[in-house]
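The structure appears right after this line, and notes come after that.
Below you can see the structure in the form of structure tokens.
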């Protein structure tokens with residue numbers, strides 16, 4: 205009579221996966237040096253965008269205003285030819301300006317959100333983490349840029365339906381995305397900087413409403429710089445929105461533009477905005 209087979213010998217799990225035990229005894233070292241800031245920026249940006257996935261109402265309501273600008277203002281002024289444009293229909297000339305305007309309107313009130321986070325106690329919790337303040341601000345700024353980019357896609361689709369002659373070159377469209385993100389990063393940081401000064405949602409709303417229309421009408425979004433009075437031309441030259449619109453027109457319509465200067469101004473403006481908002485973040489949290 206044959207004997208029953210012997211049971212297999214048990215093998216220690218420690219020998220099978222020594223790395224797992226080592227991770228339990230010695231946790232991995234946290235990111236440090238140059239790897240820390242990008243990781244924290246990405247984490248903060250992802251948190252901001254998760255809020256958008258839970259409530260998309262803002263995107264739908266924000267699309268109404270640029271649609272009205274193109275449908276009513278653009279169509280009307282194209283017919284009456286009241287504003288001289290460099291050899292293109294006025295609605296084509298207007299479309300990049302409305303993209304920049306809608307992106308600015310999303311970003312310029314971003315400081316209200318950070319004040320709400322302060323009132324809810326979220327900001328204080330974020331500030332006691334190892335996350336650098338610049339990473340927190342940069343993450344929020346680029347999340348505003350992504351929101352504005354979604355809005356820009358909506359405006360581009362509406363403009364294409366209305367017959368605006370836009371480019372579909374992938375490289376130029378990537379450039380459009382970079383321009384919108386940089387511009388929105390600056391205006392969101394401007395909003396958060398004002399929030400760090402006024403410390404109140406009501407005051408911030410007042411300041412936001414006071415500066416959005418001068419920024420918009422003091423740019424080349426609606427009309428060429430050449431038709432402006434001299435003092436307004438000076439305002440336009442120091443207005444970052446003008447450089448954003450100039451780059452968008454050059455990329456989308458192929459009109460003459462100063463792309464190197466436009467990208468340079470927007471990048472420097474975004475960097476200065478991040479530095480200013482970061483320096484005032486502690487004052488906001490007190």
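Numbering (our numbering), first residue to last: 205 to 490. Just so you know, even glycine gets a beta-carbon here, dropped at the ideal spot from N, CA and C. For clarity, every value in this text was computed on a predicted model and none was experimentally measured.
What residue range does the alpha helix (DSSP H) around residue i cover?
i, result
"residue 485", "463 to 489"
"residue 320", "314 to 323"
"residue 360", "337 to 365"
"residue 379", "374 to 402"
"residue 277", "Run containing residue 277: none; DSSP gives neither H nor E here."
"residue 311", "294 to 311"
"residue 412", "405 to 421"
"residue 329", "326 to 331"
"residue 435", "434 to 441"
"residue 270", "268 to 272"
What's the C-alpha gap between residue i and residue j?
i, j, result
"residue 429", "residue 305", "17 Å"
"residue 398", "residue 317", "12 Å"
"residue 488", "residue 444", "25 Å"
"residue 463", "residue 325", "42 Å"
"residue 247", "residue 320", "20 Å"
"residue 477", "residue 392", "8 Å"
"residue 285", "residue 294", "7 Å"
"residue 366", "residue 273", "12 Å"
"residue 345", "residue 404", "20 Å"
"residue 310", "residue 413", "12 Å"
"residue 434", "residue 268", "34 Å"
"residue 265", "residue 362", "15 Å"
"residue 289", "residue 337", "44 Å"
"residue 323", "residue 369", "47 Å"
"residue 216", "residue 332", "Its pLDDT being 49, under 50, residue 216 is placed unreliably in this model, and the value from its coordinates should be taken loosely. Looking at the two C-alpha atoms, the distance is approximately 42 Å."
"residue 329", "residue 436", "44 Å"
"residue 275", "residue 486", "44 Å"
"residue 409", "residue 352", "19 Å"
"residue 291", "residue 453", "13 Å"
"residue 341", "residue 475", "11 Å"
On a Cα-Cα basis, can you pick out the residue from the options that is closest to residue i?
i, options, result
"residue 387", "350, 406, 409, 412", "350"
"residue 334", "272, 243, 368", "243"
"residue 455", "470, 371, 426, 308", "371"
"residue 422", "347, 442, 379, 289", "442"
"residue 458", "296, 279, 417, 410", "296"
"residue 313", "426, 432, 407", "407"
Give me the Cβ distance between residue i and residue j, rounded to the nearest whole Å; I'm assuming they're in contact under 8 Å.
i, j, result
"residue 481", "residue 466", "Not really, about 22 Å apart at Cβ, beyond 8 Å."
"residue 355", "residue 307", "6 Å"
If I measure Cβ to Cβ from residue i and keep anything under 7 Å in the same chain, skipping five residues before and after, which residues do I get?
i, result
"residue 153", "Because the chain in this structure spans residues 205 to 490, residue 153 falls outside the shown range and cannot be described."
"residue 473", "390, 444"
Please return the same chain residues whose Cβ sits closer than 8 Å to the Cβ of residue i, not counting the five positions on each side in sequence.
i, result
"residue 424", "301, 440, 446, 449, 450"
"residue 382", "467"
"residue 221", "Because residue 221 sits at a pLDDT of 49, beneath the cut-off of 50, its placement in the model cannot be relied upon, and the point is left open."
"residue 427", "287"
"residue 479", "338"
Can you give me the Cβ contacts of residue i inside the same chain, cut-off strictly under 6 Å, excluding the 5 residues immediately before and after it?
i, result
"residue 270", "302, 306, 359"
"residue 469", "447"
"residue 348", "311, 314, 388, 392"
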